[in-house]
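Residue numbers (the UniProt record's numbering): 1 to 472.
For each residue, glycine too, the CB sits at the ideal point set by N, CA and C.
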Amino acid sequence: MSNSPSAMSGRKKPAPLNMVPEAPGAEASYFAAISDSPVSRAFSRKVSVHAGMGGVPVPREEIPALQERLRAGRGGRPAAAYVHLPYCENKCLYCGFFGGKYTENAGAVYLEALVREIELERAYCNPEAPINALYLGGGTPTAMQPDELLHLLQTLKQVLPLANDCEITVEGRIHNFEPKRIEACLEGGANRFSIGIQSFNTEIRRRLGRISTKEDIIRNLRFLARYNQAALIIDLIYGLPGQSLTDWEDDIRTFLDLPLDGVDLYQLNIFPGSALSSAIDTGRVPPAASLPQQGAFFERGVALMQGARCRRLSMSHWGRTARERNIYNPLAKKRADCLQFGAGAGGVLQGWSMFNHPKVEQYLQCCNAGEKPVAMMAAPSPDMSVVRVILEQMEFCRLNLNDVDAAFAGCTGRNGKKKDAHTLYAPLLDNWKKAGLVTQDGPWVELSLAGQFWQVNLTQALIGWQRQMGKE
Ligand code: SF4
């Protein structure tokens, strides 16, 4: 839908312009600058996490048998399912996920193929391996017609072994939430709506190609909340073109005034070649926030959420009420088993990553021929268990070095000796403590507020450093 992790799990895309992929030999950038302003100066840029979980691609001819074997062997570990609905009514200026314009015909043809793909899963379903979180993302799932959404959700419920308390999320745009769609989703079992608001400010929204005004959004969110049937979550983005710190504070205060259950506070990512990038370059829209300005937005966001006693459920996600559980996103982050459905959807099984055909035409052909439309698979990296611990725990702004040690069991480092996380990470952690990014209490490394802003850099450094040291 936007910058959300859920959307990221479903699509392959270039790194955003304000986050660069880690270059080979980047270990020097693992060390932070020591200054009196770590939020703005610890690193010169943000990197994107490059966990390298799927290092070795699987030869094309081996994909069908391998993915079948992995599906059939899925055990009772916590698991998720992701369903991708690529179409949107229009393209937002900043978007890196637009999968085509929604038309009733395109939506109907796509749904027919998607249902076929889901039906293929019947052959592998193991009731002893329940799905804990089901996520309908996009694109804009709520662009689909009410009867289509109901049919899709009912098919998923019939085919997949959903846990009794499965979190079932439908992503959408607020103007789609009229009674027929809401009731179709609820009848289909949705118990969580994730709505991409990005900003309540009408002028900022219009600049980005969003449709609804602030007043429309507030009215529709209050209407949706009156059903009292599902957790209501919104996304807000900071650093948008022309957005001031006061605008950002207004957005958060508006969230706090509404009967909502949770919010994601995301940093704006500008994708190379995106319409937003060229609109800024040509001066059609004001510039987006600089990195130091984004740091200030981040700090203010955390302060306001903490001041309102919201619960931090992950790096960017906050719960306001007990109804919000946030099950899907942490599962996706830690690379838990995730069944994928839909064009371009990404999944993971026992550490093997896989992607469906991203082009809708090829996707339709495969599904209509009765084949699972997997286009690409990659093996887990040898250090997958370590990477999983780092990804999972850093998502909660901390790392337990003893847990990393346990994951190192079986890995050997320099001179064939078993790796020891405390010794291995000592040079990095000493530097990060001096730079004001972390504190340490026994095995627990906790990110400071500045460390949280640079969480992606620190996560990538922890992954890259143990790989680099393992080679020497
Ligand atoms: S609604 Fe806008 S931001 Fe969301 S996927 Fe569609 S084009 Fe992108």
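TODO: Could you check if Ile463 is buried or exposed, using at least 16 other CB atoms within 10 Å of its CB as the buried criterion?
DONE: Buried: at least 16 other Cβ atoms inside 10 Å.
Open item on the list: Taking the beta strand (DSSP E) that Asn164 belongs to, which residues open and close that run?
Closed with: Looking at the DSSP string, the run of the beta strand (DSSP E) that includes Asn164 is 162 to 172.
Task: N-terminal and C-terminal residue of the beta strand (DSSP E) that Arg192 is part of - done: It spans 192 to 198 - the beta strand (DSSP E) in which Arg192 sits, taken as one unbroken run.
Open item on the list: Out of Leu232, His84, Lys101, which one is the CA nearest neighbour of Cys92?
Closed with: Answer by Cα proximity: Lys101.
Task: Within 8 Å, strictly: CB atoms of Leu85 and Gly139 - done: Cβ distance < 8 Å, so Leu85 and Gly139 count as in contact.
- [ ] Let me know the secondary structure DSSP gives Leu240 once reduced to three states.
- [x] If DSSP states are grouped into helix, strand and coil, Leu240 belongs with coil.
- [ ] Please name the residue or residues paired with Gln306 in a DSSP beta bridge.
- [x] The secondary-structure analysis by DSSP pairs Gln306 with nothing; it has no beta-bridge partner.
Task: Span separating the alpha-carbon of Leu256 from that of Arg323 - done: A straight-line Cα-Cα distance of about 15 Å links Leu256 and Arg323.
TODO: Identify every residue that forms a DSSP beta bridge with Ile131.
DONE: As a beta-bridge residue in DSSP terms, Ile131 pairs with Leu162.
- [ ] Could you tell me whether any non-hydrogen atom of the ligand SF4 is closer than 7 Å to the CB of Phe177?
- [x] No, the beta carbon of Phe177 sits no closer than 7 Å to any heavy atom of the ligand SF4.
- [ ] Can you tell me which of Arg398, Gln455, Leu428 puts its alpha carbon nearest to the alpha carbon of Pro443?
- [x] Closest option to Pro443, judged by alpha-carbon separation, among Arg398, Gln455, Leu428: Arg398.
Task: Terminal residues of the beta strand (DSSP E) in which Leu447 lies - done: Start and end: 444 to 447.
TODO: Kindly indicate which three-state DSSP category Ser278 falls into: helix, strand or coil?
DONE: Ser278: helix per DSSP, three-state reduction.
- [ ] Report, in whole angstroms, the separation of the C-beta atoms of Leu114 and Leu152, which I expect to be a contact under 8 Å.
- [x] So it is a contact: roughly 7 Å between Cβ atoms.
- [ ] Let me know the secondary structure DSSP gives His151 once reduced to three states.
- [x] Looking at His151 - three-state DSSP - the assignment turns out to be helix.
- [ ] Name the residue from Tyr94, Phe408, Tyr266, Ser212 whose alpha carbon lies nearest to the alpha carbon of His317.
- [x] Looking from the CA of His317, the closest CA among Tyr94, Phe408, Tyr266, Ser212 belongs to Tyr266.
Open item on the list: Within the continuous beta strand (DSSP E) that includes Gly55, where are the two ends?
Closed with: Note, Gly55: beta strand (DSSP E), 54 to 57.
Open item on the list: Going by C-alpha to C-alpha distance, which of Arg335, Tyr363, Cys88 sits closest to Gly196?
Closed with: Minimum Cα distance to Gly196 is reached at Cys88.
TODO: Let me know if Asn176 comes out buried or exposed under the rule of 16 or more other beta-carbons within 10 Å of its beta-carbon.
DONE: Buried: at least 16 other Cβ atoms inside 10 Å.
TODO: Could you tell me whether the Cβ of Asn220 comes closer than 8 Å to any Cβ of chain C?
DONE: Included in the structure is just one protein chain, with no chain C present.
Task: contact_flag[the segment 321 to 336, the segment 164 to 173] where n(CB pairs < 8 Å) is 3 or more - done: Result yes; three or more Cβ-Cβ pairs closer than 8 Å.
Task: Proximity test, Thr140 beta-carbon vs the ligand SF4 heavy atom, cut-off 7 Å - done: Yes, the Cβ of Thr140 comes within 7 Å of a heavy atom of the ligand SF4.
Task: Endpoints, alpha helix (DSSP H) assigned at Leu401 - done: Element bounds for Leu401: 401 to 408.
Task: Inter-residue CB distance, Ser135 and Leu208 (contact presumed, cutoff 8 Å) - done: Strictly speaking, residue 135 in this sequence is Tyr, with Ser absent from that position. Incorrect: roughly 24 Å between the Cβ atoms, too far for contact.
Open item on the list: Which residues does DSSP list as the beta-bridge partners of Ala378?
Closed with: In the DSSP secondary-structure assignment, Ala378 is bridged to Pro57, Ser353.
Task: Alpha-carbon spacing of Pro57 relative to Ala65, whole angstroms - done: C-alpha separation (whole angstroms): 15 Å.
Open item on the list: I'd like to know whether the C-beta atoms of Leu401 and Tyr363 end up nearer to each other than 8 Å.
Closed with: No.
TODO: Report the option in Gly76, Gln243, Phe98 whose CA atom is closest to the CA atom of Arg128.
DONE: Residue 128 is actually Glu in this sequence, not Arg. The residue among Gly76, Gln243, Phe98 with its C-alpha nearest the C-alpha of Glu128 is Gly76.
- [ ] Check whether the Cβ atoms of Ile131 and Ala190 lie closer than 8 Å to each other.
- [x] Between Ile131 and Ala190, the C-beta gap is not smaller than 8 Å, which leaves the two residues out of contact.
TODO: Determine the closest residue to Phe43 out of Leu120, Gln365, Leu437, Trp465, with distance taken between C-alpha atoms.
DONE: Looking at the Cα atoms, Leu437 is the closest of the given residues.
Task: Where Arg181 falls, given that 16 or more other Cβ within 10 Å makes a residue buried - done: Using a 10 angstroms sphere on the CB of Arg181, the tally of other CB atoms reaches 16 or more, which defines it as buried.
Open item on the list: Is the beta carbon of Leu331 closer than 8 Å to that of Pro78?
Closed with: With contacts defined by Cβ atoms closer than 8 Å, Pro78 and Leu331 form a contacting pair.
Open item on the list: Using 8 Å as the threshold, is the C-beta distance between Gly262 and Arg320 below it?
Closed with: A distance below 8 Å separates the beta carbons of Gly262 and Arg320.
Task: Through-space distance from Phe341 to Ile118, alpha-carbon basis - done: Roughly 7 Å separates the two Cα atoms.
TODO: Express the C-alpha separation of Glu121 and Ala72 in angstroms, rounding to a whole number.
DONE: Roughly 9 Å separates the two Cα atoms.
TODO: Alpha carbon to alpha carbon, how far is Ser40 from residue 516? Give it in angstroms, no decimals.
DONE: Outside the shown range of the chain (1 to 472) lies residue 516, about which nothing can therefore be said.
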